[in-house]
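Peer 1: Structure below; questions to follow.
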Amino acid sequence: MSAIITSIINWKGGVGKTTLAHHLGTGLTYRRKRTLLVDLDPQCNLSYLSVGAANHLQLVRQGTPTIHTVFDSFFKHQASSPQDIILKQMVTSSKDHVFNHADLILSHQDLTMYDIKLSAHKSAAPDSFEEHSQLQLEKVAILKNFLRQIRDRYDYIFIDCPASLHLITQNAIFASDYYIVPTKPDHLSTIGLSGIRKIIDKFNRQFASLCAYENPPASYTPAQLAGVVFNMVHENHKGLPKSAHQHYINQMRNQDHSSVFDQYMIECDDISEAALKHQPIYPLSKQRNAPKKTVKQVEYLHHILTEFMIRVREEVPV
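My numbering puts the first residue of the sequence shown at 190, with every later residue one more than the last.
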């Protein structure tokens, strides 16, 4: 069975996209799943969380290929080799240990320039609307064509997207089976959620139309919303979201109940502590005298993992 590809998307920053991508990708390895983390954000935060900022800088200085290489190859009319770009057994699980079944594609700060280059890229002189459409399709299919080479090697692939819906993110949408929208339970974070879905639906229609101009015409399977995950939720002494946060969670569920994950993530200092160690929070919950909040966060994350697997596989995971 080929990998389920899921993009983590929100055009607002600071809502926990990278944290969620990191914990989905690493958490599923505890369930004996093979995962690939793709850092598509030029801020490189998923790369930093996975290998550490210093290690990332050293790897880049050494000339280690990154996701930037995939897009650069498009302009050079060259094929990208997954063997060169995918880092194996380098995602940190705990001190001096790595995940055996979580691989990584690093990001690069220069990736931000490729949105501009892709937008400006034109063929010499397209003779027809069909040729123009073919070029537009090629621009959004770069990542999909690369991932197609290695899709059968994984169970799940997660793409951490930048806080935009430009061509780099459109590559992620075009390549994905599903997308998840993480958000915070506040006014500014939730107000644009319906807009994100409408725009991605619009992209899906455009992509399907572009595929019709392939020779021969190709089918396109639209990226589906796997769900909205609330993050940084503050709980009261009863273990329930505080009233202000519950208000926004309820508001979203009233708009579209099925799209909101039942489980949320809580505000937890140990997420930041784990990030400083460039590892997920899971091992911290097993430490002696681990804070109750840390244990609870990990419990909640496992609920999210289970719900995610059910939503995208339509089966109860073992």
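Glycine residues also receive a C-beta, built at the ideal position from the N, C-alpha and C atoms.
1) Let me check understanding here. Comparing Cα to Cα, which of 282, 444, 414 lies closest to residue 393?
2) Since residue 534 contacts residue 195 with CB under 8 Å, what's their CB separation in whole angstroms?
3) Please list, in chain order, all residues of the same chain as residue 236 whose beta carbon is under 6 Å from its beta carbon, the five residues on each side excluded.
4) In angstroms with no decimal places, state the Cα-to-Cα distance between residue 435 and residue 289.
5) Alpha helix (DSSP H) containing residue 248: first to last residue?
6) Between the segment 343–360 and the segment 412–428, are three or more C-beta pairs nearer than 8 Å?
7) Which same chain residues, not among the five before or five after residue 508, have their C-beta less than 6 Å away from its C-beta?
8) Counting Cβ pairs, one atom from each stretch, are 3 or more of them under 8 Å apart for the segment 428–443 and the segment 369–382?
9) With a floor of 4 residues, list each alpha helix (DSSP H) that falls wholly inside the segment 282–334, ordered by position along the chain.
10) In the DSSP assignment, find the beta strand (DSSP E) that holds residue 450 and state where it starts and stops.
11) Would you say the segment 463–476 touches the segment 399–410, given that touching needs at least three Cβ pairs under 8 Å?
12) Below 7 Å CB to CB, which residues in the same chain sit around residue 301 once its five sequence neighbours on both sides are set aside?
13) Would residue 469 and residue 266 qualify as a contact pair, given that the criterion is a beta-carbon distance under 8 Å?
14) Take residue 319 and list the residues in its own chain whose beta-carbon comes closer than 7 Å to its own, dropping the five residues that flank it on each side.
15) What does a CB cutoff of less than 6 Å around residue 509 pick up in its chain, not counting 5 residues either side in sequence?
16) Residue 418 and residue 453: beta carbons closer than 8 Å?
17) Going by DSSP, what residue range makes up the beta strand (DSSP E) through residue 370?
18) Do the segment 383–391 and the segment 334–349 make contact, defined as three or more Cβ pairs closer than 8 Å?
19) Considering Cα atoms alone, identify which of 303, 339, 459 is closest to residue 360.
20) Secondary structure at residue 361, three-state DSSP: helix, strand or coil?
Peer 2: Quick answer:
1) 414
2) Because residue 534 is not part of the residues shown, which for the chain are 190 to 507, the question remains open.
3) 228, 245, 295, 296
4) 38 Å
5) 242–250
6) no
7) For residue 508 there is no data in the structure shown, the boundaries of the chain being 190 and 507.
8) yes
9) 301–309, 318–329
10) First-last for residue 450: undefined, no H or E at that position.
11) no
12) 231
13) no
14) 402
15) Only positions 190 to 507 of the chain appear in the structure, and residue 509 is not among them; the question remains open.
16) yes
17) 367–372
18) no
19) 303
20) helix
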